[in-house]
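The structure appears below as structure tokens.
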């Protein structure tokens, strides 16, 4: 599986979450977290998540600690770790993220955070 010019795809993305590629063990996703938004405090019990910030800036909340998240930073969130990422300033955070194993159905597109939250509730209900 080859994703050409991943950084450009992430910069051009205007959806909260778009799954670009999914294999048996890994998933590649791009995110656009708008000013004033956050990803939402969550725990992935079975998936490691790596987040690479290519534009914007924010704050990371992970395991009870807060730290800055700046362009070029990469964060590994181990499975079972409570975390959240919040955009700071007037520029969206453009994030490339991977999940191992995959977390979302292949082809998932959540245009907004509200769409993403509704899909998570639907998924959890089943």
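In this note's numbering, the protein residues as written are 29 to 154. Every residue gets a Cβ at the ideal spot worked out from N, C-alpha and C, and that includes glycine.
Classify residue 122: buried if its beta carbon has 16 or more other beta carbons within 10 angstroms, exposed otherwise. buried
Identify, in the order they occur along the chain, each residue of the same chain with its Cβ nearer than 8 angstroms to the Cβ of residue 106, setting aside the five sequence neighbours on each side. 76
Following the continuous beta strand (DSSP E) through residue 83, name the residue where it begins and the one where it ends. 76 to 83
Since residue 82 and residue 35 should fall inside the 8 angstroms C-beta cutoff, what is the C-beta to C-beta distance between them, to a whole number of angstroms? 6 angstroms
Taking DSSP as the reference, what is the three-state secondary structure of residue 107? coil
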